[in-house]
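K.L.:
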Amino acid sequence: MLNIVIFGPPGAGKGTQSKLIIDKYKLMHLSTGDILRGEMANETPLGLEAKNLIEKGELVPDDIVIGMVKNKIDNNSDHKGFIFDGFPRTNDQARALDNILEERGTSISVMISLEVEEEELIKRLLKRAEEEGRKDDNIDVIRNRIKVYNEVTSSVADYYAETGRHRPVVGTGSVEEIFDRISAVIDELENKAG
Ligand code: UDP
Ligand code: MG
Numbered sequence: 231m232l233n234i235v236i237f238g239p240p241g242a243g244k245g246t247q248s249k250l251i252i253d254k255y256k257l258m259h260l261s262t263g264d265i266l267r268g269e270m271a272n273e274t275p276l277g278l279e280a281k282n283l284i285e286k287g288e289l290v291p292d293d294i295v296i297g298m299v300k301n302k303i304d305n306n307s308d309h310k311g312f313i314f315d316g317f318p319r320t321n322d323q324a325r326a327l328d329n330i331l332e333e334r335g336t337s338i339s340v341m342i343s344l345e346v347e348e349e350e351l352i353k354r355l356l357k358r359a360e361e362e363g364r365k366d367d368n369i370d371v372i373r374n375r376i377k378v379y380n381e382v383t384s385s386v387a388d389y390y391a392e393t394g395r396h397r398p399v400v401g402t403g404s405v406e407e408i409f410d411r412i413s414a415v416i417d418e419l420e421n422k423a424g
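See the structure below:
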């Protein structure tokens, strides 16, 4: 299997690049943010619980997202691999993901981390607010999401770096340029795997 984590702050382009990656490499997209928005739209108990946190820019508790991820993996076990988008967001989630995959005889090959500076992130998210109307894309919530990223999530990159699996990629330029950089990382991986 080929399992990839796509990582980076809010607005880094994880969702946009994931779409291109799943097409080219035939992976399954696993976006915990998308799953949570689906639960919110359907007003499930989980969605209602998540809504309050998401609209403040806070994290949904580890056990909830880990459970969601486990379900999605087990319901798609026939796939060539997964791209994890927006997860793991804490070191405990990263450890849990390693354990879940190990139990299923596979692992994360690489974390691709999109590097974009804060000013550009805010610009992109405010533009998305106009286009998509997501409730958590307003300036106060955006600032908190970036704060949570810096304080809690950014260290997940260190977790992968410790095991030699962290690949930073410049996240600015055209969508195609960024995708070329990502493709180079994945191609190198596939060549190594033979
Ligand atoms: N979220 C979370 N855990 C996850 C995924 C999402 O807590 O694993 C929440 C969190 O409040 C986050 C929001 O959902 O700010 C939107 O997440 P998404 O990944 O869609 O946003 P992005 O960072 O890609 O803009
Ligand atoms: Mg996203």
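In my numbering, the protein residues as written are 231 to 424.
Backbone N, C-alpha and C define an ideal beta-carbon position, used for all residues, glycine too.
For the alpha helix (DSSP H) that contains Ile313, what are its first and last residues?
P.N.:
If you number the sequence shown from 1, residue 313 lands on position 83. Segment Phe312 to Asp315 is the beta strand (DSSP E) holding Ile313; no alpha helix (DSSP H) there.
K.L.:
Where Lys256 and Lys357 are concerned, what is the direct C-alpha to C-alpha distance, given to the nearest angstrom?
P.N.:
Here residue 256 refers to the residue found at position 26 of the sequence shown. Here residue 357 refers to the residue found at position 127 of the sequence shown. Cα to Cα, the separation comes out at about 29 Å.
K.L.:
Considering only heavy atoms of ligand 1, does any lie closer than 8 Å to the CB of Gly394?
P.N.:
Indexing the sequence shown from 1 puts residue 394 at position 164. Checking the Cβ of Gly394 against ligand 1 gives no.
K.L.:
Quick one: residues with CB closer than 7 Å to any heavy atom of ligand 2, in chain order, please.
P.N.:
Lys244, Gly245, Ser261, Gly263, Asp315 and Gly316
K.L.:
Classify Leu351: buried if its beta carbon has 16 or more other beta carbons within 10 angstroms, exposed otherwise.
P.N.:
By 1-based counting over the sequence shown, the position of residue 351 is 121. Result: buried.
K.L.:
Is Ile236 buried or exposed, if buried means 16 or more other CB atoms sit within 10 Å of its CB?
P.N.:
In the sequence shown, residue 236 corresponds to position 6, counting from 1. By the neighbour-count rule (16 or more Cβ atoms within 10 Å), Ile236 is buried.
K.L.:
Hey, would you say the C-beta of Val400 is under 8 Å away from at least one heavy atom of ligand 1?
P.N.:
Locating residue 400 in the sequence shown gives position 170, counting from the first residue. No, Cβ of Val400 sits at least 8 Å from all heavy atoms of ligand 1.
K.L.:
In terms of alpha-carbon separation, which member of Asp366, Ile342 and Arg354 lies closest to Glu418?
P.N.:
Within the sequence shown, numbered from 1, the residue matching residue 418 stands at position 188. When only C-alpha atoms are compared, the closest one is Ile342.
K.L.:
Mind the definition here: the stretch 313 to 322 touches the stretch 248 to 266 only if three or more C-beta pairs lie below 8 Å; say whether that holds.
P.N.:
yes
K.L.:
Within the present structure, is the beta-carbon of Leu355 separated from the nearest heavy atom of ligand 1 by less than 8 Å?
P.N.:
Taking the sequence shown and counting its residues from 1, one reaches residue 355 at position 125. Under cutoff, so the answer is yes.
K.L.:
Note down, one range per segment and in chain order, each alpha helix (DSSP H) of at least 4 residues found wholly within the stretch 255 to 333.
P.N.:
262 to 271, 275 to 284, 292 to 304 and 321 to 333
K.L.:
What's the call for Asn380, buried or exposed, on a 16-neighbour Cβ count within 10 Å?
P.N.:
The residue given as residue 380 occupies position 150 in the sequence shown. Flag for Asn380 reads exposed.
K.L.:
For the candidate residues Tyr389, Asp410, Ala280 and Gly268, whose alpha-carbon lies nearest to that of Val399?
P.N.:
Counted from its first residue, the sequence shown places residue 399 at position 169. Looking at the Cα atoms, Asp410 is the closest of the given residues.
K.L.:
Between the stretch 329 to 346 and the stretch 240 to 254, do at least 3 Cβ pairs fall closer than 8 Å?
P.N.:
Touching, per the Cβ criterion.
K.L.:
From Val290 to Val371, what distance separates their C-alpha atoms?
P.N.:
Taking the sequence shown and counting its residues from 1, one reaches residue 290 at position 60. Taking the sequence shown and counting its residues from 1, one reaches residue 371 at position 141. Going from the Cα of Val290 to the Cα of Val371 covers about 15 Å.
K.L.:
Between which two residues does the alpha helix (DSSP H) containing Val386 stretch?
P.N.:
Translated into positions along the sequence shown, residue 386 becomes position 156. DSSP places Val386 inside the alpha helix (DSSP H), whose first and last residues are Val386 to Glu392.
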